[in-house]
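For the sequence shown, the numbering used here gives the first residue as 7, with consecutive numbering after it. Built from N, CA and C at the ideal position, the CB exists for glycine as well. Here the structure comes first, spelled out in C-alpha cells, and everything after it is commentary.
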Amino acid sequence: MLKVGNTVKFTPLICAIMTTEEREIEFQAKIDNGQKIEPKEWMPENYRKQLIRMISQHAHSEIVGMLPEGNWITRAPSLRRKAVLLAKVQDEAGHGLYLYSAAETLGIDRQTLIDQLLTGKAKYSSIFNYPTLSWADIGAIGWLVDGAAIVNQTMLARGSYGPYSRAMVRICKEESFHNRQGYEIMYELANGTEAQKQMAQDALNRWWGPSIQMLGPSDAASTNSSETMKWNIKVESNDVVRQRFIDRTVPQAVAAGLTIPDPDLKYNEETEHWEIGEVDWDEFYRVIKGHGPCNKKRLSDRQRAEKEGEWVREAAIAYAEKQNKKMNAIAA
Ligand code: FAQ
Numbered sequence: 007m008l009k010v011g012n013t014v015k016f017t018p019l020i021c022a023i024m025t026t027e028e029r030e031i032e033f034q035a036k037i038d039n040g041q042k043i044e045p046k047e048w049m050p051e052n053y054r055k056q057l058i059r060m061i062s063q064h065a066h067s068e069i070v071g072m073l074p075e076g077n078w079i080t081r082a083p084s085l086r087r088k089a090v091l092l093a094k095v096q097d098e099a100g101h102g103l104y105l106y107s108a109a110e111t112l113g114i115d116r117q118t119l120i121d122q123l124l125t126g127k128a129k130y131s132s133i134f135n136y137p138t139l140s141w142a143d144i145g146a147i148g149w150l151v152d153g154a155a156i157v158n159q160t161m162l163a164r165g166s167y168g169p170y171s172r173a174m175v176r177i178c179k180e181e182s183f184h185n186r187q188g189y190e191i192m193y194e195l196a197n198g199t200e201a202q203k204q205m206a207q208d209a210l211n212r213w214w215g216p217s218i219q220m221l222g223p224s225d226a227a228s229t230n231s232s233e234t235m236k237w238n239i240k241v242e243s244n245d246v247v248r249q250r251f252i253d254r255t256v257p258q259a260v261a262a263g264l265t266i267p268d269p270d271l272k273y274n275e276e277t278e279h280w281e282i283g284e285v286d287w288d289e290f291y292r293v294i295k296g297h298g299p300c301n302k303k304r305l306s307d308r309q310r311a312e313k314e315g316e317w318v319r320e321a322a323i324a325y326a327e328k329q330n331k332k333m334n335a336i337a338a
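Spelled out as C-alpha cells, the structure:
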C-alpha cells in the first residue's frame with residue numbers, strides 16, 4: 007500500500023496479484039482515510055449491494071413521494087402555491103433521475119431497478135404511504151418530511167461513494183427550498199383563522215410520528231448499520247440523525263405556535279437535547295411490510311404510470327435511433 011500525501015494508492019500491477027483479503031484491507035484503508043470511492047475502482051461485493059439497495063430505495067422514494075403531493079396540485083389555494091408545488095414535485099422527479107443514474111454506475115440498469123419497485127421487491131420510504139387529507143398536509147410534508155430528508159442527506163453527502171455523495175449536495179440545496187416552502191405554509195396557517203390553525207395542528211398530529219420513523223429503526227434494531235457505517239455509506243447512525251431532526255424541529259413548532267403531539271416531550275438541560283416519548287415501531291414495521299394506509303394505492307399508481315408511459319419510451323427510442331442514423335450518414 008502506497009501513501010502519497012493523504013491518498014492511499016495502489017498500482018494496477020500490484021492490484022492484479024492481490025488476494026481478495028488484501029484488497030479488502032486496502033479498500034478499508036481508503037475509507038478510513040476519508041477517500042471517495044469511484045465507480046471503476048475495486049469494491050467489496052457487499053459494498054456494491056448495500057449501495058444499490060440504499061440508492062435505489064432512495065430513488066424510488068423520490069418518485070413515489072411525488073404522489074401524495076401531486077394529489078394537491080389541482081387544488082392548491084392560489085396560483086403562487088400551485089406554481090411552487092409544481093416546481094417542488096418536478097424537483098423530486100429530477101432527484102429520482104440523478105439517483106437512478108448514481109445506482110447505474112454500480113453496474114445495474116434502470117429498468118431492473120424500476121421492475122424491483124413495481125413488483126414490490128424493493129422498498130421505498132415508509133412516509134409516502136400516508137394520505138394527504140388537507141392542504142396543511144402539503145405544508146407538513148415540506149416542513150417535516152423534507153426537513154428529516156435534509157438532515158439525513160447532509161450526512162449522506164459526507165458518505166464514501168463519490169456519485170451518491172455528490173448527488174446529495176445538489177439534492178440538499180433543493181430540499182432546503184422545499185423545507186422552507188412547507189414551513190411557510192404551516193406558519194401562515196398556524197397564524198391564520200382558528201379553522202386554519204386547527205388544520206395545521208391536525209396535519210402535524212398525523213405526520214409527526216411517521217416523520218420520526220422515516221429516519222429508520224432504532225440503532226439497536228438497525229440490521230444494515232454495521233456494514234453501512236463501517237464503509238461510511240452512512241457516517242452517522244439512525245438515532246443520531248433522528249435526534250438532530252428533533253432538536254431542529256421542536257423550536258420551529260414553538261415559533262409557529264404549534265404543539266408537538268407527544269406528551270412526553272421534554273428538554274434535557276444537561277444534554278441540551280429534546281427527548282421524545284416511545285416511538286411506535288409496530289406502526290413502522292407494519293407500513294414497511296406493505297400494510298400502511300396507502301401502500302396498495304402507491305404501487306398500483308406507479309404500475310399504471312409505467313404502462314401508460316410505454317408509448318413515450320418507445321417514441322423516444324425510435325427518435326434516438328433515427329437521429330443516430332442521420333448522424334452516421336453525415337459522418338460517412
Ligand atoms: N422506509 O438497517 P436499517 C425524501 C428498512 S427521500 C422503508 O437501519 P439502513 C425526499 C431498511 O431498508 C426519503 N424502509 O437500514 C422527498 C432495512 O430493510 P432492508 C428516503 C425502511 O439502510 C421528500 C430495514 O428497514 N430517503 O423524503 C425505512 O442502514 C418529500 C432496517 O433498517 C432515503 O432513502 C423507511 N423509512 O438505514 C421526496 C435516504 N427505514 O433494505 C418527496 C437513503 C429503514 O434491509 C417529497 N437511505 N427501512 O430490507 C438511508 O439513509 C437509509 O436507508 C435509512 C435506513 C436511514 C433510511
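Any non-hydrogen atom of ligand 1 closer than 7 Å to residue i Cβ
| i | result |
| --- | --- |
| residue 45 | no |
| residue 63 | yes |
| residue 263 | no |
| residue 155 | yes |
| residue 30 | no |
| residue 223 | yes |
| residue 25 | no |
| residue 138 | no |
| residue 266 | no |
| residue 147 | yes |
| residue 152 | yes |
| residue 71 | yes |
| residue 333 | no |
| residue 274 | no |
| residue 229 | yes |
| residue 295 | no |
Neighbour-count burial assignment, residue i, 16 or more Cβ in a 10 Å radius
| i | result |
| --- | --- |
| residue 187 | buried |
| residue 306 | exposed |
| residue 145 | buried |
| residue 78 | buried |
| residue 213 | buried |
| residue 81 | exposed |
| residue 104 | buried |
| residue 139 | exposed |
| residue 137 | exposed |
| residue 143 | buried |
Span separating the alpha-carbon of residue i from that of residue j
| i | j | result |
| --- | --- | --- |
| residue 99 | residue 177 | 11 Å |
| residue 207 | residue 95 | 24 Å |
| residue 328 | residue 221 | 46 Å |
| residue 183 | residue 258 | 16 Å |
| residue 97 | residue 90 | 11 Å |
| residue 151 | residue 204 | 20 Å |
| residue 75 | residue 335 | 46 Å |
| residue 240 | residue 30 | 19 Å |
| residue 148 | residue 252 | 15 Å |
| residue 93 | residue 154 | 20 Å |
| residue 339 | residue 318 | There is no way to answer for residue 339, as the model of the chain reaches only from 7 to 338. |
| residue 53 | residue 236 | 10 Å |
| residue 117 | residue 226 | 34 Å |
| residue 242 | residue 163 | 11 Å |
| residue 56 | residue 69 | 20 Å |
| residue 262 | residue 157 | 20 Å |
| residue 87 | residue 141 | 10 Å |
| residue 269 | residue 165 | 36 Å |
| residue 314 | residue 219 | 33 Å |
| residue 135 | residue 309 | 16 Å |
| residue 84 | residue 198 | 16 Å |
| residue 49 | residue 43 | 8 Å |
| residue 291 | residue 102 | 24 Å |
| residue 282 | residue 271 | 5 Å |
| residue 276 | residue 27 | 45 Å |
| residue 170 | residue 41 | 14 Å |
| residue 338 | residue 321 | 26 Å |
Span of the beta strand (DSSP E) around residue i
| i | result |
| --- | --- |
| residue 276 | It is not in any beta strand (DSSP E) - residue 276 carries neither H nor E in the DSSP assignment. |
Segment limits, alpha helix (DSSP H) that includes residue i
| i | result |
| --- | --- |
| residue 221 | Where residue 221 is concerned, there is no enclosing alpha helix (DSSP H), given that its DSSP letter is neither H nor E. |
| residue 55 | 51 to 70 |
| residue 128 | First-last for residue 128: undefined, no H or E at that position. |
| residue 317 | 316 to 337 |
| residue 151 | No alpha helix (DSSP H) holds residue 151; DSSP gives it neither H nor E. |
| residue 231 | 231 to 236 |
| residue 135 | It is not in any alpha helix (DSSP H) - residue 135 carries neither H nor E in the DSSP assignment. |
| residue 287 | 287 to 292 |
| residue 244 | 244 to 262 |
| residue 97 | 85 to 110 |
| residue 239 | Element bounds for residue 239: n/a, residue is neither H nor E. |
| residue 81 | Segment: none, residue 81 is in no alpha helix (DSSP H) and carries neither H nor E. |
| residue 227 | Run containing residue 227: none; DSSP gives neither H nor E here. |
Any C-beta of chain B under 8 Å from that of residue i
| i | result |
| --- | --- |
| residue 106 | Absence of chain B from the displayed structure is noted, only one protein chain being present. |
Residues bridged to residue i (per DSSP)
| i | result |
| --- | --- |
| residue 167 | 43 |
| residue 281 | 272 |
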